[in-house]
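Protein chains: 2
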Amino acid sequence: MMIDITQGVTAANGYRAGGVAAGISKPNKKDIALVINDGPLRNAAAVFTTNRFAAAPVGWSRHAIADGQLRAVVLNSGGANACTGAQGDADARAMAQATADAIGCGIDDVGVASTGLIGQLLPMPVVVAGIDEAARTATTSGGADAAQAIMTTDTVSKQAAYTSEQGWSVGGMAKGAGMLAPALATMLVVVTTDAQLSSAEAGSRLRMATSLSFERADADGCMSTNDTVILLANGASGVTPDLDEFQSALTAVCTSLAKQLIADAEGAEHSITVTVSSAASEQDALEVARAIARSNLFKCAIAGNDPNWGRVLASMGTTRASFDPDQVEVDFNGVTLFSHGELGAPRDQVDLHPYDVDVTIALNAGDATATIWTSDLTHGYVSENSDYSS
Amino acid sequence: MMIDITQGVTAANGYRAGGVAAGISKPNKKDIALVINDGPLRNAAAVFTTNRFAAAPVGWSRHAIADGQLRAVVLNSGGANACTGAQGDADARAMAQATADAIGCGIDDVGVASTGLIGQLLPMPVVVAGIDEAARTATTSGGADAAQAIMTTDTVSKQAAYTSEQGWSVGGMAKGAGMLAPALATMLVVVTTDAQLSSAEAGSRLRMATSLSFERADADGCMSTNDTVILLANGASGVTPDLDEFQSALTAVCTSLAKQLIADAEGAEHSITVTVSSAASEQDALEVARAIARSNLFKCAIAGNDPNWGRVLASMGTTRASFDPDQVEVDFNGVTLFSHGELGAPRDQVDLHPYDVDVTIALNAGDATATIWTSDLTHGYVSENSDYSS
């Protein structure tokens, strides 16, 4: 599928977006994003973090989307509004109210998402002024500004869009960088479409797409308090899509965004694709791939351009997946380093200098395959995460 | 209990030990350790890694100890002999044979343990020569040499011993540094005692001691292929110990060794004690403490002297332990930063410059408590683990 990574939430018709620098935590950094759905439909669906310390905006958005309808989504960087108590709840609600006032809708039609440091209250006068400005300046070509406004430690903004020959489009934006782990990868994502979909259809398609994309990205195994993926569907194209094509397009857009997140994970010097094949079940393949993707030792080895397959086996050996250790094969960038209990090619035959690294495991236990995308563990990761709040 | 960290496997009577530089992977680095039990009893017990890619020496030692009897343990650094196929199995057996020949016992009376890089065959002529020399030079005061010979990226050797007023002693040595995780922390440990214990008693006491010590140390969440903890009991004191005192002493020796391992974990700049109290069960307390101890983001924050309690909550929020998020309290070095859903003291009231960091969580859900020891995630960890095999 042709995915255009220069367009995002305003690729589809009937949406306006904007991003402004309100000054929440840094001067001149865009930090308020607004996505407005101008209809005709207001159908919406969302997937949220399963973290038990879900942030105040997650609690608000769960409430707002309960009826399957949203008119707008307001997002901020510069503060996660998580673990902020009753005042945090009030502030998330106040962000919805400010947005509702600015664009003329009900408070319950506004989703809210926040990202940044946990445990700090938002400077609400600044936030409200920023929301007003974003509402005034939102345009049908403002997707890129919105994508920039949700960046935190991201070094580039992330967008992806697809246009069907049937006349509808789907496009989205994402931010990630740290606390990237499945269920969900830490991220804020808004995807819009002008295809005609019910809220229920939007929900089932979104859950399928996230399970195959964001939930297979795992940068550092840390699950965020703020993960939010929202899909808006306004039917502005007047086209009821072929649902198979729509599902493929939505999954492709989400996969593009997920891979962009991993490629720009904090400190990443390699993007690593861990594929486990010939597993007894997809669940087994995922368990093994995740165990590898979460091994700090493996991820440090990749940072050092070291095809340390022993660390791959050591992490696989902690899983309960069905396989015979003597039947396993491990390949790095196409070179077989271990196979059926015996040493393979010398490790110096593997060149790990390219940014993209493929680690492929054959379990020889069945027909299932799954892939997890991760990044290496570098000095940059340590630097970014030991300096984050100071 | 008074633990002496200057003595190890030769603290108890009836043991000889030695450590020699055979030249397995580096010149002039002690790399073969030998612990010889001169009786009268040969009772022994062991706990091994549960990794499914257990190394060849683990397979051999499981076999050798099946009858509850060992005459000696031979250990090497400089190569893990893991994932080395049939040749690796033959090499582990050859190490036992060389030891048996050198000290005059049966091959099945020799335990073998190896540590170092996975996936590389040992240079057996060098290893066998080293075993011969270690057997010739082992003495009743050679514990310190043996402790040095099992070091890999350890910066200091680890020993601990206890002497009872009843006239018996227990002492041990350990190596760790990387791949430290529960079940077991990656480590080689030999503990000796001259108390009179049956093999069965030694086994049950050892399992209890490891569950409260090594299995509560978690430096990097990575489980090794080579973890081995062996207890030898020769009864040379002629004293049948009070079993409560013996259990306490064995646990204290193992706890001292476990804490020494964490304090010297790869790149560690802080030793972190994560204590979870008022949990509904000990299992809940352990689950929460482990989730925190495995959060890379939390561990990077500590490296940066940042009391980032938000990352503590985010990791707790991924667990299934019984607690109400609104009832939780988080303290760093005695300062309450979050309590009952609301912000506590400003984070700048916490001084994280001292090496030891105490993170205490009250779940307010019951009466159980558990502690996990971990270390921070530093540039040193990344450096050591991206350069390890190169």
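Chains D and Z, in that order, are what the protein sequence lines are.
If you want my numbering, it's the position in the first sequence, counting the first as 1, plus 694.
If you want my numbering, it's the position in the second sequence, counting the first as 1, plus 694.
All C-beta atoms in this analysis are idealised placements derived from N, C-alpha and C, irrespective of residue type, glycine included.
Predicted model only: the values in this text are computed from it and were never measured.
Query                                                                                                                                                                : Result
On the criterion of 16 or more Cβ atoms from any shown chain inside 10 Å, does G700(D) qualify as buried, or is it exposed?                                          : According to the sequence provided, residue 700(D) is Thr. The question's Gly does not apply to it. By the 10 Å Cβ count, T700(D) comes out exposed.
Taking only the alpha-carbon atoms, compute the straight-line gap between W754(D) and V804(D) and give it to the nearest angstrom.                                   : 9 Å
Note down, in chain order, every chain A residue with its Cβ under 8 Å from the Cβ of T1054(D).                                                                      : As a matter of chain content, chain A is missing from the structure shown, whose protein chains are D and Z.
Just the Cα atoms here: how many angstroms apart are G929(Z) and G708(Z)?                                                                                            : 9 Å
Which stretch, first to last residue, makes up the alpha helix (DSSP H) that contains F992(D)?                                                                       : 990-997
Against chain D, which members of the segment 1011-1032 of chain Z pass a CB distance test of less than 7 Å?                                                         : G1011, T1012, P1019, F1032
What distance in whole Å lies between the Cβ atoms of T967(Z) and T1065(Z), which are believed to be in contact at a cut-off of 8 Å?                                 : 6 Å
Cβ closer than 9 Å: which chain Z residues qualify as neighbours of I812(D)?                                                                                         : N1002, W1003, G1004, R1005, L1007, A1008
How many Å lie between D1081(Z) and I996(Z) at the Cα?                                                                                                               : 23 Å
Taking only three categories from DSSP, how would you classify E1036(Z)?                                                                                             : strand
Any idea what DSSP makes of A952(Z), helix, strand or coil?                                                                                                          : helix
Find the residues of chain Z that neighbour D785(D), judging by a C-beta separation of less than 9 Å, and give them in chain order.                                  : In chain order: nothing, as chain Z lies at least about 13 Å away.
Tell me where the alpha helix (DSSP H) around Q791(Z) begins and ends.                                                                                               : 779-797
Starting from Y1075(Z), trace the beta strand (DSSP E) in both directions and tell me its first and last residue.                                                    : Y1075(Z) -> not in any beta strand (DSSP E); alpha helix (DSSP H) instead, spanning 1073-1080.
Look at the Cβ atom of D848(Z), then the Cβ atom of K724(Z), and state whether they are nearer than 8 Å.                                                             : no
Which residues of chain Z have a Cβ atom closer than 9 Å to the Cβ of M818(D), listed in chain order?                                                                : Those within 9 Å of M818(D) in chain Z number zero; the least Cβ separation is about 15 Å.
In chain D, what lies closer than 8 Å to S918(Z) by C-beta?                                                                                                          : A1008
In chain order, what residues of the same chain have a beta carbon less than 7 Å from the beta carbon of A877(D), not counting five sequence neighbours either side? : Residue confidence is low: A877(D) scores 38 on pLDDT, short of 50, so the model does not pin down where it sits. No coordinate-derived value is stated.
Could you give the DSSP three-state label for T969(D): helix, strand or coil?                                                                                        : strand
Under 8 Å Cβ to Cβ from L906(D), same chain only, skipping five residues before and after it: list those, please.                                                    : T945, C948, T949
Going straight from the alpha carbon of M873(Z) to that of T1013(D), what length do you get?                                                                         : With a pLDDT of 47 at M873(Z), under the threshold of 50, the modelled position of this residue cannot be trusted; read the value that follows with caution. Rounded to the nearest angstrom, the two C-alpha atoms are 16 Å apart.
Using a 10 Å radius around the Cβ and a threshold of 16 neighbouring Cβ atoms, would you call L926(Z) buried or exposed?                                             : buried
So the beta strand (DSSP E) S863(Z) belongs to, where does it begin and stop?                                                                                        : 863-869
So, does the CB of R765(D) fall closer than 8 Å to a CB anywhere in chain Z?                                                                                         : no
Among the candidates A985(D), S771(D), R1041(D), G1074(D), whose CA atom is the shortest distance from the CA of T1029(D)?                                           : Per the sequence shown, the amino acid found at residue 1029(D) is Val instead of Thr. Ranking A985(D), S771(D), R1041(D), G1074(D) by Cα distance to V1029(D) puts R1041(D) first.
Can you list the residues of chain Z that F747(D) reaches, using a CB-CB cut of under 8 Å?                                                                           : L1007, A1008, M1010, G1011, P1019
For A995(Z), decide whether its Cβ has a neighbour in chain D, counting only Cβ atoms nearer than 8 Å.                                                               : yes
Name the two residues that bound the continuous beta strand (DSSP E) containing G805(D).                                                                             : 804-808
I want to see whether chain D comes within less than 8 Å of L874(Z), judged by CB atoms only; does it?                                                               : Annotation note: pLDDT 45 at L874(Z) (below 50); position unreliable, no value reported.
So the alpha helix (DSSP H) T1065(D) belongs to, where does it begin and stop?                                                                                       : Here T1065(D) belongs to no alpha helix (DSSP H); instead the beta strand (DSSP E) covers 1062-1069.
Roughly how many whole angstroms lie between the Cα atoms of S1077(Z) and A854(Z)?                                                                                   : 29 Å
By the 10 Å Cβ neighbour count, where 16 or more other Cβ atoms means buried, how is T680(Z) classified, buried or exposed?                                          : Since the first residue of chain Z shown is 695 and the last is 1084, residue 680(Z) is not available in this structure.
For G779(D), return the contacting residues in chain Z, with the cut-off set at a CB-CB distance below 8 Å.                                                          : G1035, E1036, L1037
By Cβ distance, which residues of its chain are closer than 8 Å to A962(D), with the 5 residues on each side in sequence left out?                                   : A913, I956, S1069, D1070, T1072, G1074, Y1075
From I1123(D) to L816(D), what does the alpha carbon distance come to, in whole angstroms?                                                                           : Residue 1123(D) lies beyond the range of chain D shown here (695 to 1084); nothing can be said about it.
So, are the CB atoms of L1007(Z) and F747(D) less than 8 Å apart?                                                                                                    : yes
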